[in-house]
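The number in my numbering is simply the position in the sequence shown, starting from 1, with 460 added. Each residue gets a CB set at the ideal place from its N, CA and C atoms; glycine is no exception. Because the structure is a prediction, the values reported are computed rather than measured.
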Amino acid sequence: MEVVQEGRSGMGNVFTRFNGDFTDRHLLSMHQLTAGDIHLLLADAQAAEEAVRNPAERGVNILPLTELKAVMRQPSTRTGGSMATAMHKLGGGAQVISGMEASSEGKGETQADSWIAFATQADIIGTRTDRVGGPATAAQVINMARRDRKLVGHVPVINLGDGTNEHPTQALGDLFTIFKKFGTFEGLTMALVGDHERYRAHHSLMIGASILGIKVIAVESMVAPVPDDFTRLGGANLERTDDLDAAMQRADILYIGRNPDEYSGDNITERERSKQLAHDYTKWVVDRRRLQQMHKDAIVMHPRPRRHELDPSIDMDPRASDVQQMADMIPMRMAIIARLLGKSIKEERDQRLAAAS
Ligand code: MLT
461 MEVVQEGRSG
471 MGNVFTRFNG
481 DFTDRHLLSM
491 HQLTAGDIHL
501 LLADAQAAEE
511 AVRNPAERGV
521 NILPLTELKA
531 VMRQPSTRTG
541 GSMATAMHKL
551 GGGAQVISGM
561 EASSEGKGET
571 QADSWIAFAT
581 QADIIGTRTD
591 RVGGPATAAQ
601 VINMARRDRK
611 LVGHVPVINL
621 GDGTNEHPTQ
631 ALGDLFTIFK
641 KFGTFEGLTM
651 ALVGDHERYR
661 AHHSLMIGAS
671 ILGIKVIAVE
681 SMVAPVPDDF
691 TRLGGANLER
701 TDDLDAAMQR
711 ADILYIGRNP
721 DEYSGDNITE
731 RERSKQLAHD
741 YTKWVVDRRR
751 LQQMHKDAIV
761 MHPRPRRHEL
771 DPSIDMDPRA
781 SDVQQMADMI
791 PMRMAIIARL
801 LGKSIKEERD
811 QRLAAAS
């Protein structure tokens, strides 16, 4: 098994590259994926979407009696819920745990012991943590328990956002939206706007863009620029600018995220940085008027929650694709869950349709 050597959240044998084989793996970072892996997931997500839309199917019943736990240690409206919906559409069951206040961690239980408890109840775990590398730690704890024969089977862990680091399922869903719109990644240019230092959705998407050869124009603030490892990763496919309008005029995709100011500390330097970033965000507001400079087939994406940076006046414009993007997370998360549990939605559905015809 090849272990990914890149990544920002600490290494360990849990970061195995997929290379077409999703079994016995955890999904912790976009660095684990090859272009081929992404295309397998896109094909499965496409099949999942068709199955969900077909009133006679409403999903694919390929994981009956299979249980997902979505353990959200940070706030979530979309990700936890769409993971649960994805699992239901696969025929399984799901529980979303929002915050650990009501758990035994309040009685002094360690996070490691919580992970083992969840692993005894679930076939697959998704988790969001405020700490960078939190899902990787969960995966390590679970792997060790399996090695020690305390757990009988592999329980894959999916990173649903680890602090300021990564959000791979978001990026994969985003790539699904982009692929459905353009039918290819070749020749595409994406303007990526916001805090490049702390916004995990940007990080995972930048890794995906580099794997697939999408050109990125990072519109950045001097106080939250593209980190060095991402600059190296982007290479010739990455441009950096502070001119949002010029970037929009050249882009097929405008991807903007909010100011993740929950990470701002309260020392004086951090407060100053935060003030400057908030000021830069006021210059990046995308409204209906500003949108007119993009070409007519371009799309505007935002992982939500949005604040003032994506003005509701764009909602009626056909280029606004952020609601579509939200909906696309479900078939993509179906594809991810199924693959990690050894199933390809496309293959299973094709077989079923062939047998029925
Ligand atoms: C996340 O990273 O949790 C969300 O998807 C995006 C955000 O918080 O702005």
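Under 8 Å between C-beta atoms of residue i and residue j
| i | j | result |
| --- | --- | --- |
| VAL617 | ALA599 | yes |
| LEU698 | VAL676 | yes |
| VAL556 | GLY566 | no |
| LEU770 | ILE713 | no |
| ILE430 | ALA495 | Outside the shown range of the chain, which is 461 to 817, sits residue 430, and nothing can be said about it. |
| ARG733 | VAL683 | yes |
| ILE819 | ASP747 | Residue 819 lies beyond the stretch modelled for the chain, which goes from 461 to 817, so this question has no answer here. |
| THR587 | ARG513 | no |
| PHE645 | PRO791 | no |
| ALA661 | ALA711 | no |
| ASP655 | LEU737 | yes |
| ALA596 | VAL474 | yes |
| LYS806 | ALA507 | yes |
| ASP583 | VAL615 | yes |
| ARG749 | ARG718 | no |
| ASN479 | ASP504 | no |
Span of the alpha helix (DSSP H), counted from its first residue to its last, around residue i
| i | result |
| --- | --- |
| TYR741 | 728-743 |
| LYS806 | 805-816 |
| THR701 | No alpha helix (DSSP H) contains THR701, which is instead part of the beta strand (DSSP E) from 698-701. |
| MET547 | 539-549 |
| GLU561 | Unbroken run through GLU561: none, as it is neither H nor E. |
| THR629 | 628-642 |
| LEU665 | 660-672 |
| ILE797 | 782-800 |
| ASN603 | 594-607 |
| VAL512 | 495-513 |
| MET708 | 704-710 |
| LEU652 | Counting along the chain, LEU652 falls outside any alpha helix (DSSP H), though it belongs to the beta strand (DSSP E) covering 649-653. |
| ILE576 | 571-581 |
| ASP689 | 688-694 |
Run of the beta strand (DSSP E) containing residue i, from where it starts to where it stops
| i | result |
| --- | --- |
| GLY586 | 584-589 |
| VAL679 | 675-679 |
| MET754 | MET754 -> no beta strand (DSSP E), and no H or E assigned at all. |
| ILE522 | Here ILE522 belongs to no beta strand (DSSP E), and DSSP marks it neither H nor E. |
| LEU714 | 713-716 |
| GLY621 | 617-622 |
Closest residue to residue i among the options (Cα-Cα distance)
| i | options | result |
| --- | --- | --- |
| ALA631 | LEU813, HIS762, PHE475 | HIS762 |
| ARG809 | MET490, ALA780, ASP481, GLU509 | GLU509 |
| LEU525 | THR537, GLY551, VAL512 | GLY551 |
| ALA706 | VAL653, SER542, PHE639 | VAL653 |
| THR629 | MET794, ARG812, GLY802 | MET794 |
| ASP689 | GLU807, PRO720, ASN625 | ASN625 |
| LEU493 | THR483, THR476, ALA505, GLN506 | THR476 |
| LYS820 | ASP757, PHE478, ALA511 | Outside the shown range of the chain (461 to 817) lies residue 820, about which nothing can therefore be said. |
| VAL592 | ARG658, ALA605, ARG606 | ARG658 |
| ARG799 | VAL474, PRO687, ASN473, LEU502 | LEU502 |
| ILE585 | GLN571, ASP608, LEU620 | LEU620 |
| ASP875 | TYR723, VAL745, THR637 | The chain is shown from 461 up to 817; residue 875 falls before or after that span and cannot be answered. |
| LEU528 | ALA546, LYS743, MET754, LYS806 | ALA546 |
| ASP590 | SER558, ASN603, LEU635 | SER558 |
| TYR741 | ALA554, ASP721, LYS549, ARG710 | ASP721 |
| MET776 | GLN581, VAL760, ALA507 | VAL760 |
| MET560 | PRO535, ASP608, ALA554, ARG767 | PRO535 |
| HIS627 | LEU801, GLY594, PRO772 | GLY594 |
| GLY633 | THR570, MET543, GLN811 | MET543 |
| LEU813 | GLY643, ALA511, HIS491 | ALA511 |
| LYS735 | GLN571, PRO515, SER681, ARG609 | SER681 |
Proximity test, residue i beta-carbon vs the ligand SAM heavy atom, cut-off 7 Å
| i | result |
| --- | --- |
| GLY623 | The ligand SAM is not part of the structure shown, which contains the ligand MLT as its ligands. |
TODO: Spell out a yes or no on whether the stretch 684-701 and the stretch 657-669 are touching, meaning 3 or more CB-CB pairs, one atom from each, closer than 8 Å.
DONE: When Cβ pairs closer than 8 Å are counted between the two stretches, the stretch 684-701 is seen to touch the stretch 657-669, the count reaching three or more.
TODO: May I ask you to verify whether the stretch 513-524 touches the stretch 570-581, counting CB pairs closer than 8 Å and requiring at least 3?
DONE: no
Open item on the list: Pairs of beta-carbons, one from the stretch 780-789 and one from the stretch 483-491, closer than 8 Å: are there three or more?
Closed with: no
TODO: Taking 8 Å as the threshold, find out whether the stretch 531-550 comes into contact with the stretch 767-783 through three or more Cβ pairs.
DONE: no
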